[in-house]
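Following our numbering, the numbering of the sequence shown begins with 1392 at its first residue and continues without gaps.
Okay, so here's the structure we're looking at.
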Amino acid sequence: MKIYSPHQTELWLTCPIKRRLVKAGYRVTLAGKRDLAALLGIGWAAGLAEYYSGKTERYQKAIAAMEERRKELQVPDYLRAQADAIPKRLEAGLTSYADPLPESWRIVEIETPHPEEGNIRPDLLVHTGSELVPVDHKIKINDQSSREGQIGYQDILRYRDSWQMYHQARLCKRLTTQLPTAYFISRTVLEPRLTTTLLTFPMDEENYQRWELSAERVWRQMEKEDEGVEEPWQAATHHDQFGPCEFYDLCYTYKYHDHLAAERYFIPEGDG
Ligand code: SF4
């Protein structure tokens, strides 16, 4: 059985057709809010990888990683101010970043790819003194989604029992034979005041085993699609918290006719 990365798996779980389109190389020419959120996340991860490596060019690395993706996108006028603010936000966040990890923890790996586990690349693997645990960085501009008295409530719902983090726990188990007792999200909110909180999510062996059974079924299905044995199916809905799926027009308006969709979608040279 082939093991797929958390990114590929999440894409498949969102919509198997969408994964097929991304795999074929399709990109949108016009950026949406989803792309801007991704740009901020890409820059943040690159900046913190530099920070935890003890190097000094965190802002430059963050901007370079972000620009690499941004140059493929045209930003529409209504999103231009938001896009132009990303470098400043990254600079402010990375300059004032306060490490939330306990001093006694030891960094073991920083963004190290693991081909044996679907090329998974955790932001950090850390030894707490008793076990190896994954830590994932998340960034948000502000925290409008929290309920009164519960900071980050909506995010806690989003991150708890997440497939991505279960997969990172699986990697820790592969490396040490011991399932971690928890995974951690280092969550930074930029505005109105920069705060970084380390969120702890306990890991339960029974829940983990149920996840693993599901994940392995999904990976087998993905493999069948990649081998051309089965065709991908479509998602039940075509929107998320950012709005319509970025491939909505390709699927429903242009019905996969590339010549009609050429203004909205492209395949970078060499990707098709
Ligand atoms: S529009 Fe619907 S079917 Fe097409 S990729 Fe998006 S979610 Fe999948």
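Idealized CB from N, CA, C, for every residue including glycine.
If you're wondering where the values come from, they're calculated on a predicted model, not measured in any experiment.
Proximity test, Tyr1550 beta-carbon vs the ligand SF4 heavy atom, cut-off 6 Å: Stepping through the sequence shown from its first residue, residue 1550 is reached at position 159. No, the ligand SF4 has no heavy atom inside 6 Å of this Cβ.
From Lys1615, Ala1573 and Leu1581, residue whose alpha carbon lies closest to that of Lys1532: For this step, residue 1532 is matched to residue 141 along the sequence shown. Inspection of the sequence shows that residue 1532 is occupied by Ile rather than by Lys. Measuring from the Cα of Ile1532, the nearest candidate turns out to be Leu1581.
Per DSSP, the bridge partner or partners of Leu1590: As a working note, residue 1590 is residue 199 in the sequence shown. Answer is Ile1576.
Tyr1417 - DSSP class collapsed to helix/strand/coil: To locate residue 1417, count along the sequence shown from 1; it is residue 26. Coil at Tyr1417, not helix or strand.
Pairwise C-alpha distance: Tyr1639 and Arg1410: Numbered from 1 along the sequence shown, position 19 holds the residue referred to as residue 1410. Numbered from 1 along the sequence shown, position 248 holds the residue referred to as residue 1639. The straight-line gap from Cα to Cα measures roughly 13 Å.
Tyr1656 - partner residues in DSSP beta bridges: Reading the sequence shown from its first residue, position 265 is the one you call residue 1656. DSSP output for Tyr1656 lists Val1419 as bridge partner(s).
Residue closest to Ala1684, alpha-carbon to alpha-carbon, out of Gly1484, Gln1465 and Gly1423: There is simply no residue 1684 to check, as the chain begins at 1392 and stops at 1663 in what is shown.
Beta strand (DSSP E) segment containing Asp1468, residue limits: Taking the first residue of the sequence shown as position 1, residue 1468 is located at position 77. Unbroken run through Asp1468 is the alpha helix (DSSP H), Asp1468 to Asp1475; no beta strand (DSSP E).
Sheet register partners of Val1620 (DSSP bridge): By one-based count along the sequence shown, residue 1620 stands at place 229. DSSP, once it has assigned bridges, lists no residue as partnering Val1620.
Val1499 versus Ala1652: straight-line alpha-carbon distance, rounded: Indexing the sequence shown from 1 puts residue 1499 at position 108. Indexing the sequence shown from 1 puts residue 1652 at position 261. Cα to Cα, Val1499 sits roughly 46 Å from Ala1652.
Check: Cys1563 C-beta below 6 Å from any heavy atom of the ligand SF4: Along the sequence shown, one-based indexing puts residue 1563 at 172. It does not: the Cβ of Cys1563 is nowhere closer than 6 Å to a heavy atom of the ligand SF4.
Beta-carbon contacts of Met1392 that lie in its chain and below 8 Å, excluding the five residues immediately before and after: By one-based count along the sequence shown, residue 1392 stands at place 1. Counting only Cβ-Cβ distances below 8 Å, and skipping sequence neighbours, we find Glu1607, Trp1610, Arg1611 and Glu1614.
Best match in Pro1513, Cys1563 and Cys1406 for proximity to Ile1501 [C-alpha to C-alpha]: Counted from its first residue, the sequence shown places residue 1501 at position 110. Here the closest residue by C-alpha is Pro1513.
Run of the beta strand (DSSP E) containing His1528, from where it starts to where it stops: If you number the sequence shown from 1, residue 1528 lands on position 137. Its beta strand (DSSP E) spans residues Leu1523 to Lys1531.
Given 8 Å, three or more beta-carbon pairs between the region 1468 to 1484 and the region 1444 to 1454: yes
Strand pairing of His1630, partner residues [DSSP]: For the purposes of this step, residue 1630 is taken as the residue at position 239 of the sequence shown. Bridge partners of His1630: Pro1635.
Cβ-heavy atom distance, Lys1646 to the ligand SF4, below 6 Å: Position 255 of the sequence shown, counted from the first residue, corresponds to residue 1646. No, since every heavy atom of the ligand SF4 falls outside the 6 Å radius drawn around the Cβ of Lys1646.
Span of the alpha helix (DSSP H), counted from its first residue to its last, around Leu1431: The residue given as residue 1431 occupies position 40 in the sequence shown. Here the alpha helix (DSSP H) through Leu1431 covers Lys1424 to Tyr1443.
Asp1490 versus Val1526, Glu1618 and Gly1509, residue with shortest Cα-Cα distance: For the purposes of this step, residue 1490 is taken as residue 99 along the sequence shown, with counting starting at 1. Of the listed residues, the one whose Cα sits closest to Asp1490 is Val1526.
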